[in-house]
Structure formats: structure tokens, C-alpha cells
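Participant:
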Amino acid sequence: MESSGAEILLESLMREGVEVIFGYPGGVITDIYDKLPSTKIRHVLVRHEQAAVHAADSYARASGKVGVVLVTSGPGATNTVTGIASAYMDSVPLVVLTGQVPTGVIGNDAFQEVDIVGITRSCTKHNYLVKETEKLAAIIKEAFHLASFGRPGPILVDLPKDVIARKAEFRYPRKVKMRSYKPTYEAHPKQIRKAFELMLQAKKPVILAGGGVISSGAHRELKTLAEKMRFPVTTTLMGLGGFPGTHELWLGMLGMHGTYQANMAVAACDLLIAIGARFDDRVTGKLDEFCPDAKLIHIDIDPTSIKKNVDIHVPIVGDCRNALVKLLNLTAKEFKDRVRGGASDHRAWLRQIKAWRETYSLKYDQAKDGPIKPQYVVEEIYRLTKGNAIITTEVGQNQMWAAQYYHFTKPRTFITSGGLGCMGFGLPAALGAQIAHPKKLVIDIAGDGSIQMNIQELATAVENKLPVKVAILNNQYLGMVRQFQEIFYNKRYFATSLTGAPDFVKLSEAYGAVGLRAEKPSEVTPVLEEALRIKRPVLIDFRVEQEECVYPMVPAGAPITNMLLA
Amino acid sequence: MMQNERRTISVLVDNEPGVLSRVTGLFSGRGFNIESLSVGETLDPTISRITLVTTGSPPIIEQIIKQLRKLINVIKVVDLTETEFVEREMLLIKVRAEAASRAEVLRIVDIFRCKVVDASPHFYTVEVTGSESKIQAVLDLFTPLGIEEIVKTGKIAIARSKK
Ligand SMILES: Cc1ncc(C[n+]2csc(CCOP(=O)(O)OP(=O)(O)O)c2C)c(N)n1
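Just so you know, the protein sequences line up as chains A and B, in that order. Under the working numbering, the first residue of the first sequence is numbered 2, with each subsequent residue one higher. Under the working numbering, the first residue of the second sequence is numbered -12, with each subsequent residue one higher.
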């Protein structure tokens, strides 16, 4: 029996275990939408295609599964590009299905035609234009395989209208056959041995964990290794939650807005063990002065990440978890005689770190009747949720305060646009995370600028009964840019003031959600408590201190020890 | 600053539309330079071979090779510069050949074992194949005679068979 391309597509998605699609319909994909209700797949209708991708991205990060997006050709497809680029930079497994005009008119500037395969070539891990219905099932299988195998990333599949309409035999391949693309999962034992020897000799070791620790599920191994060796741990923004933010070995985040002790420790260390981190310039600061005296070990599944920005002494290509398990085997075997035998005595280093820690770099003063400090709002969110919420963020100061003042103890609980840093991420991301974890509390920590980039998704939240909370740290500025103007441009504020914003409380109510406001420090806790009680989408407008800055701050391009502390 | 090196890289790829632009897009997107590029089918019609010449510091070359390996349609990448290899490119050159200079053109053709592939009252078109240095030498000799037009292929290269 033959099936249509649309049926083949949907059947293939079900074979891949897809439970939810984030999408937006259009002319060329109506055949697929016609068949969707007769499957077990849930469809979430967003209000903008960019939001569909962010939601699917966050669903993938929160759940560990592959996120799926379905949009139409032309404008539907181009609206996804920012979301795809964000997922690509943060190595998130996605399959993005775009409609396309019929194969016969491709290239003829047909109505709603764009070359989305060409447009997204440099921001997808791979992409396909399906030309024959017969090949559709195999391509979908391959797309899911590629999305999550090796370094994860977004895969785009472009589906011409006639390919979806035509009929073919449905045969779902059991296995993916590819003659190229064979990522190395097994870390090489010789390199592991070399790394271990360096670890034993180190007098001033630091572990730097990135997003790879979370996506490979290596957080437990990381904790065990750090505790066994008594190595202090810092993470990148993407690595937050990969190591408990309440642990005694925790240094705090590294980089431009990293803690004093993390930046000092990395600059002075004699061994840096980077795990699933890619040495973004926001993390390294000025490269020449980035841990100049250290030997570097770098574990990453993607060989292109290794030695891209910094020179590495022991490169280990492989899955982070695999490498850590192997390192732990060595520690277990040789623990008594070598580790405990004093070979890795770095007590002086830990004392030094303790001394650095005494420069409390994360501090602020909340005056009783002064304006609300945004940091205070984040700390209260942490206190009231006991660290058990999933936090998504927008981009800017709000993102950094969330990273600094909410203490993440579990992986997949901090979801943010790290690599691309794209405003408008947080609210759709909150929806995706809430769908992945219906019982968990999901909070978008937002800025008044960013939230206006995808605020229409409040409608999606209301319609789908997703009880997400949006905490706007409303400083009436594009705060992060205003901070730059304050510090580096002598307070010449231009194009960063956000007067003319809507009344967020009324706007939220207009969408059918709940709107709350806090204007004084004494209102922060009651308003948050009320929001947490309400089982519906709630948006809270926190009127915070307008000209608060994020500290510590390393000026772009300066060494990471050049911290402005307040 | 590290010294720039010139590398000849051979890339086996799936013979599919769009693959070449993935490869060249990788170069342009990262600001890497391609000096020469040639593509053709291999014995297996589903596989094409791209030969490309590029320059960069050793870390850049290492990135280029790793990035090429990362492309899903790339089957194999070999840096030929690390082995012994044979290379050729081809030049078609239209050179002025009036009565006075005809004999000179033919003499050069003879010395360099080139071929005259077209003739007209005023021009000879000459085919030259060989290494880069040979092609340069022929060009240098023809220049004073008056070159009307040239067209060059990219370089193709193959590893020497093992002894
Ligand atoms: C789509 C997009 N456009 C512009 C920027 C540049 N940018 C980075 S932070 C920022 C300000 C964000 O303001 P807001 O959302 O109010 O957050 P705040 O910094 O005040 O917390 C801007 C404009 C960006 N990151 N993304």
C-alpha cells in the first residue's frame, strides 16, 4: 500500500518517538496539517515561527530529546533563521521541517519561495532538500540521527509541496547508513593517561565545564572527579547546572561577568581541564593572557573545537562522559598510592582560592525603601523556589543576573541563548521547557526590551494552559547596552531608553494571563508568592533600579583578571 | 606570526548538488582562502573528488582540515602536501601569431611539449599541461609575443603510488 509524503513524514516522526511539534501552518504544508490530528503527535501553535524554534530548542534542552519544528515555505522558513542560528551556536538537537514550493518551480521565484537550504547552510549542522517522496523516510531517519549523534545541532529538511503530496511505499530504515560522519565517542586511553598524569602533578588545578557536560549527561562523573581530586570547578554560561552551584568546590561562573575567584583562579592555574567548553571570547577575555602558565587538557566530541582559539597540551576527542568515566577508572585504581599519597597536593591552592572568595564579587545593597535591586528579585526567586525551578532567560543584564544569583544545582534547569545571545528567547523557551516538564515550575527571567521581541507568545501560553511565570526586571532601558554606554561612552545614552513600553500588567491581562507588579522592595516577596500560587501564566512587572550594572565586568578584549568590581 | 604554508588538499565528497557550495561556503564563512579548486567524478559515480589549494598558518590549515571532515557530505580529506604527490594544471592560451612570430610560437610549443589546438590568421591557441612552474614558464615566454586571452583549470593532484 502506498502512502502520501505527508503520511510518510508523520509516520516517520512517530517512529522517532516525536511527541510534540512546534509549528505554524501555511499553504504548501496544508497536506501535513490535514493529517496531523489523526496522529498521536501534539501540535503547539505558536504566534511567530522564531518562537517555534526557541520553544523546540528549549524543549530539547529540558528533556534531552530532539526538538521538532514545522513551518511553511518562504516567510515561514525565513522567520526560523534566528532560532536555528541560536540552536546551532548552543549545539541543540533539532529537526526543522520547512515547506517548499513544488519541485517543478523551485528556482523560478515562485510565490513564497526562498532557498532556505542555501540560507541556513552555515547555521545548521546539515540540511536537506527532499526531491523524491521515495527518499523522505530515509532522510527523516538520517536527520534525527545527525541532530543528536556526535556534537548535537539543528538539521533542516525542506519539503516541496509535490513531494508531500505524491505517494510512495512507506519503508522506514532500521539503521542509518552513512559513509561519512563518524564522530569519535571513545576517548583515547593514551590521552586519558597523559591527562591523568598532569592532574596528579598539578599544584594549581581548575576544571572548566561547558555545555557539553550537560548534553552528554556527564554531570555526575564531573562531580565525582572534582570531589575525588579536590579540584575546584568553574563553568561557562552554558555549563551552569553541570556542577552544583552550592558545592564547596564551586568557583562560580567564568568570564566577562564571572566571579572574582573564578577569573583569578583560571588566570593563575597551572592546569586547566576544559570539558565540553569551546573557549568563547566571552570566557577567555584577551587570549594572550588567558591562563598563560597553565597546561591545558581539552575534552570535546568536536575536534574543530579543540585548538581553535587556544593551544592545547592534551587534546581528548570524545564524548565528555566517556572521557570522564575513563579518568575516574584511573583515579579509582591509583587513588590510594598516588592521589592520596600526596602526589597531588594542592592544599595551598585551595587556601588561595578561599582568600579570593573573600572578595565577595557578587554583592549588592538592597536599601529598605530604595528602588528594587534586580539582583534581589533573582535571589528571592531562588529562595522561594528552593532552586527547583527551570529558569529560562532573555538576553542582557537579566540573563547575567539570573546566571549569577540563581544557584543552579541540576543540569537542564538553566536554559539561555548563550552563543548567539538572542533577545526574545526566554518566553518561547519557557513554553518549550514547560511542555517537556508539565509539573515543574518554569520561570522566564526577562528584560523589558527582550520580552517585547516575542511577547505575543503569551497567547500560546494561555491557549495551551502553560502556567509559566515571566519576571520582567523592568529597568526601562536596553540595560546591557546602556551599561556599555555608561562605562565606555561617558553616559551618552542613545537609543537605549525604552519609554513607550506598554503597561505590561494590562498587556498580560489582554492576553488572558495574569499581570502583577512590584514597585517597592517590600512588594517583591508577596508578589512572587502570589505568582507561584497561581496555576496560570503570570507576568510580573518588577520596577527595578534603572541604572543598575552587572558586576563583575571584564571589558571586552581585556584579560579576565581586569574586573570592574562595582 | 607563524609562517603561512601552501597546502594541496584532496577531498572526497558525495556527488550531490549543493556539496561544492558547502565546501566553498565553509571557506568563505570563516575567511579562509581558496587559491585553486577543481572538481570531478571519481571511478565511483556517487563520489566526487575536490582538489583544492589553500594557504594559511599551520593552526589555520589544521582548522580547515577538521572543518572539512566535519561536513556531513565529506567522506575523506587528505592533505597531499604531507605525502609525495603528482600535480597538474592545464592552460589554454591564445597568443598572437603573425607571420613574424609564428615560428617562435611553434618553437616554444615544441620545447615545452605543448599542443596547438586552434589556429587563425592572427592567433594560435595552445594547450599547456604541467606543473605550476612549467605553466608559469610558458606564460613568461609568450608574454612578449602578445597574449590575447588565457584560461586555466584549477590544480588536480594525486598521491604517488607506494613503492
Ligand atoms: C535580537 C537581538 N538584538 C539586539 C541584541 C543586542 N543586545 C544585547 S543585550 C541588549 C539589551 C537588552 O535589553 P533588555 O531586554 O531590556 O534587558 P536588560 O539588559 O535591561 O536586562 C541588546 C539590545 C541582541 N542580543 N539580540
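Virtual Cβ for every residue (Gly too), placed ideally from N, Cα, C. Please read these numbers as outputs of a predicted model, since none were measured by experiment.
Scan the stretch 53 to 66 of chain B for residues whose Cβ lies nearer than 9 Å to a Cβ of chain A and list them as they occur along the chain.
Facilitator: Cβ contacts with chain A come from Lys53, Gln54, Arg56, Lys57, Leu58, Ile59, Asn60, Val61, Ile62, Lys63.
Participant: Taking one C-beta from the stretch 362 to 372 of chain A and one from the stretch 282 to 298 of chain A each time, how about it: are there three or more such pairs within less than 8 Å?
Facilitator: Judged by Cβ distances under 8 Å, the stretch 362 to 372 of chain A makes no contact with the stretch 282 to 298 of chain A, as fewer than three pairs qualify.
Participant: Can you list, in chain order, the residues of its chain whose CB lies under 8 Å from that of arginine 169 (chain B), leaving out five sequence neighbours each side?
Facilitator: The question about residue 169 (chain B) has no answer, for chain B in this structure spans -12 to 150.
Participant: If you measure beta-carbon to beta-carbon, which residues of the stretch 126 to 150 of chain A are closer than 8 Å to chain B?
Facilitator: Cβ contacts with chain B come from Lys126, His127, Leu130, Leu147.
Participant: Just the Cα atoms here: how many angstroms apart are leucine 566 (chain A) and tryptophan 251 (chain A)?
Facilitator: Near 20 Å, if we compare the C-alpha coordinates of tryptophan 251 (chain A) and leucine 566 (chain A).
Participant: Would the beta-carbon of aspartate 91 (chain A) be found less than 8 Å away from any heavy atom of ligand 1?
Facilitator: False, no ligand heavy atom lies under 8 Å from that Cβ.
Participant: Which class does tyrosine 406 (chain A) belong to by DSSP, given the choice of helix, strand or coil?
Facilitator: Of the three classes helix, strand and coil, the one that applies to tyrosine 406 (chain A) here is helix, per DSSP.
Participant: Tell me the residue span of the alpha helix (DSSP H) that contains alanine 148 (chain A).
Facilitator: 134 to 149 is the extent of the alpha helix (DSSP H) around alanine 148 (chain A).
Participant: Are the CB atoms of aspartate 159 (chain A) and tyrosine 186 (chain A) within a distance shorter than 9 Å?
Facilitator: Taking 9 Å as the Cβ cut-off, tyrosine 186 (chain A) and aspartate 159 (chain A) do not qualify as a contacting pair.
Participant: With a threshold of 7 Å on Cβ separation, who are the neighbours of isoleucine 145 (chain B) within its own chain once the five nearest residues in sequence on each side are excluded?
Facilitator: Cβ within range, chain order: Phe72, Val73.
Participant: What do you get for phenylalanine 489 (chain A), buried or exposed, if any count of 16 or more other CB atoms within 10 angstroms of its CB means buried?
Facilitator: Exposed.
Participant: How close, in whole Å, do the beta carbons of lysine 132 (chain A) and valine 164 (chain A) come, if the pair is a contact with beta carbons under 8 Å?
Facilitator: Confirmed, Cβ separation roughly 7 Å.
Participant: For glutamate 290 (chain A), which residues in the same chain have their Cβ closer than 6 Å to its Cβ, ignoring the five residues on either side in sequence?
Facilitator: Result list for glutamate 290 (chain A): Pro560, in chain order.
Participant: In terms of residue numbering, what span does the beta strand (DSSP E) encompassing serine -3 (chain B) cover?
Facilitator: Start and end: -8 to 1.
Participant: If you run the structure through DSSP and keep just helix, strand and coil, what is proline 76 (chain A)?
Facilitator: Three-state DSSP puts proline 76 (chain A) in a helix.
Participant: Following a CB-centred definition, is asparagine 476 (chain A) positioned closer than 8 Å to any heavy atom of ligand 1?
Facilitator: For ligand 1, at least one heavy atom lies less than 8 Å from the Cβ of asparagine 476 (chain A).
Participant: Residues of the stretch 308 to 333 of chain A with a CB closer than 9 Å to any CB of chain B: list them in chain order, please.
Facilitator: The residues in question are Lys308, Lys309, Asp312.
Participant: On the criterion of 16 or more Cβ atoms from any shown chain inside 10 Å, does phenylalanine 495 (chain A) qualify as buried, or is it exposed?
Facilitator: Exposed, by the Cβ-count rule.
Participant: Mind pulling the chain A residues with CB within less than 9 Å of glutamate 28 (chain B)?
Facilitator: Result: empty, since nearest Cβ-Cβ is about 16 Å, beyond 9 Å.
Participant: Is the CB-CB distance between methionine 113 (chain A) and valine 29 (chain A) below 9 Å?
Facilitator: The question names methionine, but residue 113 (chain A) in the sequence shown is glutamine. Yes; because the gap between Cβ atoms is below 9 Å, this pair is in contact.
Participant: How would you label methionine -11 (chain B), buried or exposed, when you count the other beta carbons within 10 angstroms and need 16 or more for buried?
Facilitator: Looking at its Cβ environment, which holds fewer than 16 other Cβ atoms inside 10 Å, methionine -11 (chain B) is exposed.
Participant: Smallest Cα separation from histidine 258 (chain A): which of A:Gly371, A:Leu421, A:Ala514, A:Gln400?
Facilitator: Nearest option by C-alpha distance: A:Gln400.
Participant: Does the Cβ of cysteine 423 (chain A) lie closer than 8 Å to at least one heavy atom of ligand 1?
Facilitator: Yes, the beta carbon of cysteine 423 (chain A) sits closer than 8 Å to at least one heavy atom of ligand 1.
Participant: With a 10 Å radius around its C-beta and 16 neighbouring C-beta atoms as the bar for buried, classify asparagine 60 (chain B) as buried or exposed.
Facilitator: Classification for asparagine 60 (chain B): buried.
Participant: Quick one, are the C-beta atoms of valine 115 (chain A) and leucine 157 (chain A) less than 9 Å apart?
Facilitator: The answer is no: Cβ separation not under 9 Å.
Participant: What residue range does the alpha helix (DSSP H) around methionine 15 (chain A) cover?
Facilitator: Where methionine 15 (chain A) is concerned, the enclosing alpha helix (DSSP H) stretches over 6 to 16.
Participant: Cβ atoms of proline 161 (chain A) and valine 102 (chain A): under 9 Å apart, would you say?
Facilitator: It is a contact, given that the beta carbons lie within the stated cut-off.
Participant: For my contact list, proline 429 (chain A) and glutamate 546 (chain A) are in at a C-beta cut-off of 8 Å; report their separation, rounded to the angstrom.
Facilitator: That pair is no contact at about 28 Å.
Participant: Taking only the alpha-carbon atoms, compute the straight-line gap between proline 245 (chain A) and threonine 500 (chain A) and give it to the nearest angstrom.
Facilitator: Distance between the alpha carbons of proline 245 (chain A) and threonine 500 (chain A) is about 39 Å.
Participant: Can you round the beta-carbon distance between arginine 1 (chain A) and glutamate 222 (chain A) to whole angstroms, since I take them to be within the 8 Å contact cut?
Facilitator: Past the edges of chain A, shown from 2 to 567, lies residue 1 (chain A), and the structure says nothing about it.
Participant: Verify whether the separation of the beta carbon atoms of arginine 538 (chain A) and lysine 470 (chain A) is less than 9 Å.
Facilitator: Strictly speaking, residue 538 (chain A) in this sequence is proline, with arginine absent from that position. Cβ atoms of proline 538 (chain A) and lysine 470 (chain A): closer than 9 Å.
Participant: Any beta carbon of chain B sitting closer than 9 Å to that of aspartate 303 (chain A)?
Facilitator: So yes, aspartate 303 (chain A) belongs to the interface.
Participant: Under 9 Å between beta-carbons, which chain A residues line up against glutamine 50 (chain B)? List them in chain order, please.
Facilitator: Residues of chain A passing the Cβ test: Thr305, Lys308, Lys309.
Participant: Residues in its own chain within less than 7 Å of alanine 61 (chain A) by CB, not counting five upstream and five downstream?
Facilitator: Closer than 7 Å at the Cβ level, and outside the excluded window around alanine 61 (chain A), lie Val67, Gly68, Val93, Pro94, Leu95.
Participant: With a threshold of 8 Å, are at least 3 pairs of Cβ atoms found where one atom belongs to the stretch 200 to 220 of chain A and the other to the stretch 254 to 272 of chain A?
Facilitator: A contact exists between the stretch 200 to 220 of chain A and the stretch 254 to 272 of chain A.
Participant: Can you tell me the Cα-Cα spacing of isoleucine 317 (chain A) and alanine 219 (chain A), whole angstroms?
Facilitator: Rounded to the nearest angstrom, the two C-alpha atoms are 15 Å apart.
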